[in-house]
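Add 10 to the 1-based position in the sequence shown for this note's numbering, that's all there is to it.
Take a look at the structure set out below.
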Amino acid sequence: MLNLQHKHFRFGGCVVKMSVHDQLAQCLCDLIRLLWTLLLPCVFLCMLLTATLVVLVMGVRVWLQANRNARRARDGRPTVAFFHPYCNAGGGGERVLWCALRALQNRYQDVNFMVYTGDQGVTNQQILDGARRRFNILLPRPVQFVFLKHRLLVEASLFPHFTLIGQSVGSIFLGWEALTEFVPDVYIDSMGYAFTLPVFKYLGGCHVASYVHYPTISTDMLSVVRERNPRFNNADYISNNLFLSAVKVVYYCLLALLYGLAGSCSDVVMVNSSWTLNHILTLWRATNRTCLVFPPCDTRAFLQLPLDEDSDRKCHSIVSIGQFRPEKDHRLQIRAFRKVLQKKEAGLVAGPGGRESLRLVLIGGCRNQEDEDRVLMLRGLCQELGVADRVEFKLNVPFEELKRELGEATVGLHTMWNEHFGIGVVECMAAGTVVLAHKSGGPRLDIVVPYEGRQTGFLAEDEDGYADAIERILALSPSARLEIRRNARLSVTRFSDQEFEACFLAAMEPLMGTLER
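Set out below in structure tokens:
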């Protein structure tokens, strides 16, 4: 039998017995009273802090807008600013910047243009001379530069762990530095720093636009971690550990939520490929403000290469162009090439000659010591697989040598999973190679697609698939290969400077129309 203990209390001369349940109820009531007495001060404190924050934000906004109004009164015209901390580099993103500036300057004569850059030790003219030398782009008139001092805040090397969130937070502080240096009327993020958009929109009162080359976080990245697949951005020790994988999924989901909130601030969103478009629509949920604007690809020099049958070619070159970064997956190229050589030696691949009739040429740039170490590792892999005599590495080659190698190549090879666009693939097609690209991302959705119903190249996704595709290309007759090469060359007109500028201006028209001149 349950024996409940009782406690005796004297109340008004009478003794009152309290059971355990009564005691628990009494304790609960006391606890509720205590929490209530603490709740009111906490609510008041939260309201006070919120009001202080709102007043502070409004004060900062008024101060920044006063700076802009003073500048407008002084200059007499509005200013459009691009946020591009690495504008003195020579990549595809920088070509987008200079082509966009040239298009806007030609269209809007009464607007000033400015670029936020983190490049130090260079002058305005040196940056403009570099754009003309690298991209053959000469702006109609000079632009103003604001030189930022804290670009280190967005360097991946500063954040060996939690790199994405580290760079995102760093971009907020770099954006704040840019905004306090100069308050524009229209702000364009042309490098993918989405977390700067709310800074300029809500603190600076600017109209904001963005050109997205690659989403900071994507649903594909989430899938890789959920499925525990090892990749260059998902280390083995994480993919092999259930707990660490779960933590990383939560981390990615939170980052995706914050990234979507920041990106949704953009008044105009431009993306460089259908692959990027699908992810941005999912994350930013700005369907009515998002449009596809293919990046400008300078293919004029490659289009001048002769396009003839290769029937008299004794050695077929398979050429890959791209920086020696882990995501380019040069290891896959070497392993697939080894399989082709094995079949060639066994007489299973069409065409005269043995292994000496094939060569793999890896052309690319090395940015730092890490890339150079990766090349050494790839050379070691070639030795290990017994293909070192048929694989050539060409690092940081001049443009003329690149053009010559592509002009002599039979196959243009690309193996990056989920490449957001693929300018290298476009260049291979313009040069007249038969392109073999990864069956994902921009190459699958936008580039290696039928042109007027005719084939423009091949796609593969694993070692066997690439080896089989190379065999099929080599087995084609020279006239059949020539037909594919012609179709591919005709299709790259979609990615010209003129097409980019027309689409970019059309996308920016609503925002530029808001400027008071």
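Ideal Cβ positions, reconstructed from N, Cα and C, are used throughout, including at glycine.
Only a predicted model underlies this, so the values are computations on that prediction, with no experimental measurement involved.
Helix, strand or coil at residue i according to DSSP, with G and I counted as helix
{"i": "residue 227", "result": "coil"}
{"i": "residue 470", "result": "strand"}
{"i": "residue 295", "result": "coil"}
{"i": "residue 217", "result": "strand"}
{"i": "residue 13", "result": "Per-residue confidence for residue 13 stands at a pLDDT of 49, beneath the threshold of 50, marking its modelled position as unreliable; the derived number appears in the next sentence. The answer is coil: DSSP assigns residue 13 none of H, G, I, E or B."}
{"i": "residue 327", "result": "strand"}
{"i": "residue 402", "result": "strand"}
{"i": "residue 155", "result": "strand"}
{"i": "residue 288", "result": "helix"}
{"i": "residue 147", "result": "coil"}
{"i": "residue 304", "result": "coil"}
{"i": "residue 124", "result": "strand"}
{"i": "residue 503", "result": "helix"}
{"i": "residue 183", "result": "helix"}
{"i": "residue 203", "result": "coil"}
{"i": "residue 21", "result": "Bear in mind that a pLDDT of 47 at residue 21, under 50, signals an unreliable position, so the number given afterwards is only what the model happens to contain. Strand at residue 21."}
{"i": "residue 370", "result": "strand"}
{"i": "residue 476", "result": "helix"}
{"i": "residue 62", "result": "helix"}
{"i": "residue 335", "result": "coil"}
{"i": "residue 340", "result": "helix"}
{"i": "residue 26", "result": "Confidence in residue 26 is poor, its pLDDT being 49 and thus under 50, which makes the residue's placement too unreliable to answer from."}
{"i": "residue 360", "result": "coil"}
{"i": "residue 280", "result": "strand"}
Beta-carbon proximity of residue i to residue j, cut-off 8 Å
{"i": "residue 196", "j": "residue 521", "result": "yes"}
{"i": "residue 329", "j": "residue 443", "result": "yes"}
{"i": "residue 440", "j": "residue 313", "result": "yes"}
{"i": "residue 332", "j": "residue 434", "result": "yes"}
{"i": "residue 436", "j": "residue 514", "result": "no"}
{"i": "residue 71", "j": "residue 213", "result": "yes"}
{"i": "residue 326", "j": "residue 484", "result": "yes"}
{"i": "residue 323", "j": "residue 365", "result": "no"}
{"i": "residue 528", "j": "residue 185", "result": "Absent from the model: residue 528. The displayed extent of the chain is 11 to 527, so no value can be given."}
Cα-Cα separation between residue i and residue j, rounded to whole angstroms
{"i": "residue 387", "j": "residue 381", "result": "10 Å"}
{"i": "residue 430", "j": "residue 50", "result": "52 Å"}
{"i": "residue 85", "j": "residue 121", "result": "10 Å"}
{"i": "residue 450", "j": "residue 499", "result": "21 Å"}
{"i": "residue 127", "j": "residue 92", "result": "9 Å"}
{"i": "residue 76", "j": "residue 216", "result": "13 Å"}
{"i": "residue 315", "j": "residue 417", "result": "6 Å"}
{"i": "residue 52", "j": "residue 63", "result": "16 Å"}
{"i": "residue 283", "j": "residue 525", "result": "29 Å"}
{"i": "residue 99", "j": "residue 134", "result": "14 Å"}
{"i": "residue 160", "j": "residue 103", "result": "21 Å"}
{"i": "residue 412", "j": "residue 193", "result": "42 Å"}
{"i": "residue 532", "j": "residue 482", "result": "Nothing can be reported for residue 532: it is not among the residues displayed for the chain, which extend from 11 to 527."}
{"i": "residue 36", "j": "residue 264", "result": "42 Å"}
{"i": "residue 173", "j": "residue 47", "result": "43 Å"}
{"i": "residue 256", "j": "residue 231", "result": "13 Å"}
{"i": "residue 489", "j": "residue 176", "result": "53 Å"}
{"i": "residue 335", "j": "residue 378", "result": "10 Å"}
{"i": "residue 82", "j": "residue 438", "result": "47 Å"}
{"i": "residue 420", "j": "residue 150", "result": "40 Å"}
{"i": "residue 26", "j": "residue 34", "result": "Bear in mind that a pLDDT of 49 at residue 26, under 50, signals an unreliable position, so the model cannot answer this."}
{"i": "residue 87", "j": "residue 508", "result": "27 Å"}
{"i": "residue 517", "j": "residue 125", "result": "20 Å"}
Selected residue, minimal CA-CA separation from residue i, among the options
{"i": "residue 272", "options": "290, 259, 409 and 255", "result": "290"}
{"i": "residue 424", "options": "57, 399, 466 and 471", "result": "471"}
{"i": "residue 157", "options": "192, 523, 129 and 167", "result": "129"}
{"i": "residue 204", "options": "191, 219 and 190", "result": "219"}
{"i": "residue 269", "options": "225, 306 and 232", "result": "225"}
{"i": "residue 68", "options": "285, 277, 168 and 211", "result": "211"}
{"i": "residue 286", "options": "251, 454, 43 and 83", "result": "454"}
{"i": "residue 180", "options": "164, 190, 66 and 56", "result": "164"}
{"i": "residue 428", "options": "125, 508 and 234", "result": "234"}
{"i": "residue 200", "options": "94, 251 and 432", "result": "94"}
{"i": "residue 223", "options": "458, 170, 162 and 303", "result": "303"}
{"i": "residue 112", "options": "90, 131 and 65", "result": "90"}
{"i": "residue 474", "options": "523, 101 and 353", "result": "353"}
{"i": "residue 310", "options": "502, 97 and 358", "result": "502"}
{"i": "residue 281", "options": "106, 415 and 372", "result": "106"}
{"i": "residue 376", "options": "166, 405 and 171", "result": "405"}
{"i": "residue 338", "options": "432, 294, 119 and 260", "result": "432"}
{"i": "residue 276", "options": "261, 183, 288 and 296", "result": "296"}
{"i": "residue 221", "options": "41, 299 and 258", "result": "299"}
Contact with chain C by residue i, beta-carbon distance below 8 Å
{"i": "residue 423", "result": "Looking at the structure shown, chain C is missing, and only one protein chain is on hand."}
- Query: If we count Cβ pairs, one from each stretch, closer than 8 Å, do we get three or more for the region 387-404 versus the region 333-346?
  - Reply: Because the criterion of three Cβ pairs below 8 Å is met, the region 387-404 and the region 333-346 touch.
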